[in-house]
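Okay, so here's the structure we're looking at.
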Amino acid sequence: RAADENLDIEFHVASATDIPLDDQSMDVCIVAELLEHIEDWEACLNEVSRITKPGGAILLSTTNAMCPVQSEFNLPMYSWYPAPLKRHFVKRAQSDRPDLANYATYPAFHWFTFYSLRAALAQRGFTEFYDRFDLSLARKENGKKRLVYKLITLIPFARFFAYFLTSGSTIVAIKAQHHATKK
Numbered sequence: 081r082a083a084d085e086n087l088d089i090e091f092h093v094a095s096a097t098d099i100p101l102d103d104q105s106m107d108v109c110i111v112a113e114l115l116e117h118i119e120d121w122e123a124c125l126n127e128v129s130r131i132t133k134p135g136g137a138i139l140l141s142t143t144n145a146m147c148p149v150q151s152e153f154n155l156p157m158y159s160w161y162p163a164p165l166k167r168h169f170v171k172r173a174q175s176d177r178p179d180l181a182n183y184a185t186y187p188a189f190h191w192f193t194f195y196s197l198r199a200a201l202a203q204r205g206f207t208e209f210y211d212r213f214d215l216s217l218a219r220k221e222n223g224k225k226r227l228v229y230k231l232i233t234l235i236p237f238a239r240f241f242a243y244f245l246t247s248g249s250t251i252v253a254i255k256a257q258h259h260a261t262k263k
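Everything in the sequence shown is counted per our numbering, starting at 81 for the first residue and increasing by one.
Here it is, written out as structure tokens:
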């Protein structure tokens with residue numbers, strides 16, 4: 081389909097921690113439902129940051145540790161379990177109880193919040209951040225939905241509490257125009 085539209089699109093199969101692209105070569109990087117499943121999520125963020133151009137964007141979606149409802153594990157309030165208990169259930173899901181993690185080969189074992197992702201991306205030179213509420217089309221609607229989204233985006237504590245009702249974290253981060261990478 082891309083060729084029919086005269087679009088030049090390349091696809092690469094590679095490790096998320098060793099992407100075969102040049103530094104600062106991508107305008108947009110999409111990291112969808114990945115970080116929670118890979119052991120070294122920070123190395124993945126380092127790689128994605130490396131290939132993103134200054135002024136470029138990362139769209140990232142992953143788990144939300146703040147919301148008690150999630151679909152990664154078939155256990156009540158799993159995202160609130162302490163880390164040792166989560167590790168126990170990941171091991172069980174990878175051995176005798178694959179049903180616990182919906183038969184996923186690599187169950188989710190990292191849990192994030194918008195705030196933790198924002199901090200991790202800020203350390204990597206990103207300076208503008210937008211969450212699911214900033215990006216929602218509901219803000220363009222009329223009536224109650226629009227009012228709710230307006231309150232969430234204008235009142236910090238309303239935004240904070242709204243995260244308890246959303247099962248995933250979504251963030252768009254814009255890389256600074258000029259950034260010296262920390263080593």
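Every residue, glycine too, gets a C-beta built ideally from N, C-alpha and C.
In this structure, the beta-carbon distance from GLY136 to VAL108 falls below 8 Å. Rounded to whole angstroms, ARG177 and LEU87 show a C-alpha spacing of 45 Å. Residue environment analysis places HIS117 among the buried positions, since at least 16 neighbouring C-beta atoms fall within 10 angstroms of its C-beta.
For PHE189 and ASP103, the gap between their C-alpha atoms comes out near 29 Å.
Membership of THR233 in the alpha helix (DSSP H) is indicated by the continuous run 224-234.
Restricted to the stretch 81-116, the beta strand (DSSP E) segments that are unbroken, complete and at least 3 residues in length are 106-112, listed in chain order. Annotated three-state conformation of ASP214 is helix, per DSSP. With a 10 Å radius around the Cβ and a threshold of 16 neighbouring Cβ atoms, GLU127 comes out buried.
In the three-state scheme derived from DSSP, where H, G and I count as helix and E and B as strand, GLU119 is classed as coil. Beyond the five residues adjoining it in sequence on each side, TRP191 comes within less than 6 Å, by CB distance, of THR143, ALA145 and SER159 in the same chain, given in chain order. A straight line joining the alpha-carbon of LYS133 with that of LYS230 spans about 32 Å. Assignment of beta-bridge partners to GLY248 by DSSP yields THR143. With respect to the 8 Å criterion, VAL149 and SER247 are classified as neighbours on the basis of their beta carbons. Pairing ILE254 with ILE131, the inter-Cα distance amounts to about 13 Å. For PRO156, the closest alpha carbon among the candidates HIS258, ALA181 and ILE138 is that of ALA181.
Put simply, of GLN174, THR193 and TYR195 the residue whose alpha carbon is nearest the alpha carbon of THR185 is GLN174. At a Cβ-Cβ threshold of 8 Å, PHE209 and ARG198 count as neighbours. For GLU208, the beta-bridge partners assigned by DSSP are ILE254.
Distance from THR207 to ALA256 at the Cβ level is roughly 5 Å; contact confirmed, criterion being Cβ atoms closer than 8 Å.
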